[in-house]
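Residue numbers (my numbering), protein chains in the order written: chain A, 1 to 106; chain B, 107 to 239. So the structure is just underneath, and the comments pick up after that.
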């Protein structure tokens with residue numbers, strides 16, 4: 001995996017809301033931003049932004065069906081396990097930063 | 107880019123903390139502190155080998171783990187259980203082992219965390235539908 005792509009994937013999956021989007025698409029297949037907003041308690045606009053970030057990381061693709069745009073997960077660029085590992089790495093970065101901040105305050 | 111990994115993979119991170127090993131160890135062994143730094147509420151009755159812990163994440167995900175190694179001031183290791191529950195559904199997840207090691211340095215403590223193995227196939231992010239519904 002090229003570094004810049006890996007970076008985009010890490011960033012995309014580092015956000016819990018975007019992981020919600022990925023989970024939702026895993027369970028339901030292709031969905032519109034409006035449908036996703038019914039499952040995830042944020043605005044349609046926020047969902048659209050998250051979808052754009054996921055699309056930039058090549059984790060979802062947009063497909064036009066008539067007047068609707070549906071988003072589906074791409075089997076590439078990574079397997080589920082790699083995606084989970086990317087998310088885990090990103091979470092540890094955040095945790096270690098918080099731990100450092102906590103100990104700096106003490 | 108390929109979608110399949112050829113070998114188990116590991117996440118390793120480290121940080122230099124501005125505190126002595128004792129202070130860091132106190133945080134790692136104090137369940138209520140996890141909400142501040144780990145990003146989950148953690149409960150365990152006893153921090154010892156083979157004891158269980160439960161992690162509750164802000165998105166509602168609940169995941170268990172078992173402590174595998176507790177060496178005061180040096181090392182803490184736990185293994186995630188191979189599933190998590192979210193909104194009534196169980197998800198199969200990698201049963202990775204997390205090891206946190208502490209090493210005193212002149213300026214404080216170096217903390218190294220490693221999580222592995224992330225295997226392709228086994229433990230993929232897959233819903234076990236309705237099992238807990």
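Where a beta carbon is used, it is the ideal one built from N, C-alpha and C, also for glycine. On a predicted model such as this, the values are computed, not experimentally measured, just so you know.
Euclidean distance between Cα positions of residue i and residue j
{"i": "residue 13(A)", "j": "residue 133(B)", "result": "27 angstroms"}
{"i": "residue 154(B)", "j": "residue 194(B)", "result": "30 angstroms"}
{"i": "residue 118(B)", "j": "residue 135(B)", "result": "21 angstroms"}
{"i": "residue 45(A)", "j": "residue 36(A)", "result": "11 angstroms"}
{"i": "residue 103(A)", "j": "residue 18(A)", "result": "30 angstroms"}
{"i": "residue 48(A)", "j": "residue 42(A)", "result": "10 angstroms"}
{"i": "residue 198(B)", "j": "residue 190(B)", "result": "7 angstroms"}
{"i": "residue 176(B)", "j": "residue 159(B)", "result": "13 angstroms"}
{"i": "residue 27(A)", "j": "residue 38(A)", "result": "14 angstroms"}
{"i": "residue 51(A)", "j": "residue 183(B)", "result": "36 angstroms"}
{"i": "residue 142(B)", "j": "residue 105(A)", "result": "13 angstroms"}
{"i": "residue 218(B)", "j": "residue 210(B)", "result": "11 angstroms"}
{"i": "residue 15(A)", "j": "residue 185(B)", "result": "23 angstroms"}
{"i": "residue 200(B)", "j": "residue 100(A)", "result": "27 angstroms"}
{"i": "residue 196(B)", "j": "residue 124(B)", "result": "39 angstroms"}
{"i": "residue 213(B)", "j": "residue 144(B)", "result": "23 angstroms"}
Short Cβ contact (8 angstroms threshold) for residue i with residue j
{"i": "residue 70(A)", "j": "residue 23(A)", "result": "no"}
{"i": "residue 220(B)", "j": "residue 116(B)", "result": "yes"}
{"i": "residue 215(B)", "j": "residue 148(B)", "result": "no"}
{"i": "residue 146(B)", "j": "residue 162(B)", "result": "yes"}
{"i": "residue 179(B)", "j": "residue 127(B)", "result": "yes"}
{"i": "residue 115(A)", "j": "residue 61(A)", "result": "Only positions 1 to 106 of chain A appear in this structure, which leaves residue 115(A) out of reach."}
{"i": "residue 30(A)", "j": "residue 72(A)", "result": "yes"}
Chain-ordered chain A contacts of residue i [CB-CB under 9 angstroms]
{"i": "residue 219(B)", "result": "92, 95, 96"}
{"i": "residue 172(B)", "result": "Under the 9 angstroms cutoff, chain A gives no residues; its nearest Cβ is about 18 angstroms from residue 172(B)."}
Chain-ordered chain B contacts of residue i [CB-CB under 8 angstroms]
{"i": "residue 88(A)", "result": "117, 202, 221, 224"}
Under 8 angstroms by beta carbon: chain A residues contacting residue i
{"i": "residue 164(B)", "result": "16"}
{"i": "residue 145(B)", "result": "91, 94, 95, 98"}
{"i": "residue 124(B)", "result": "100, 103, 104"}
{"i": "residue 199(B)", "result": "84"}
{"i": "residue 211(B)", "result": "What residue 211(B) touches in chain A: nothing, since even the nearest Cβ is about 13 angstroms away."}
{"i": "residue 168(B)", "result": "Within chain A, no residue comes near residue 168(B); the closest Cβ sits about 14 angstroms away, beyond 8 angstroms."}
Residue closest to residue i, alpha-carbon to alpha-carbon, out of the options
{"i": "residue 204(B)", "options": "92(A), 16(A), 37(A)", "result": "92(A)"}
{"i": "residue 140(B)", "options": "96(A), 15(A), 20(A)", "result": "96(A)"}
{"i": "residue 187(B)", "options": "212(B), 156(B), 143(B), 144(B)", "result": "156(B)"}
{"i": "residue 57(A)", "options": "83(A), 89(A), 40(A), 34(A)", "result": "83(A)"}
{"i": "residue 89(A)", "options": "168(B), 223(B), 164(B)", "result": "223(B)"}
{"i": "residue 150(B)", "options": "173(B), 165(B), 166(B)", "result": "173(B)"}
{"i": "residue 40(A)", "options": "166(B), 152(B), 144(B)", "result": "166(B)"}
{"i": "residue 67(A)", "options": "85(A), 34(A), 59(A)", "result": "34(A)"}
Contact list for residue i against chain A, beta-carbon separation under 7 angstroms
{"i": "residue 135(B)", "result": "Those within 7 angstroms of residue 135(B) in chain A number zero; the least Cβ separation is about 13 angstroms."}
{"i": "residue 176(B)", "result": "Simply none; closest approach about 18 angstroms."}
{"i": "residue 148(B)", "result": "Going along chain A, no residue has its Cβ under 7 angstroms from residue 148(B), so there is no contact; the nearest lies around 12 angstroms."}
- Message: Residues of the stretch 17 to 38 of chain A in Cβ contact with chain B at a cutoff of 9 angstroms, in chain order, please.
- Response: Among the residues of the stretch 17 to 38 of chain A, those with a Cβ less than 9 angstroms away from any Cβ of chain B are 17, 19, 20, 22, 23, 26, 27, in the order of the chain.
- Task: Check distances from the C-beta atoms of the stretch 36 to 67 of chain A to those of chain B and list, in chain order, the residues that come in under 8 angstroms.
- Result: Here the close residues number zero.
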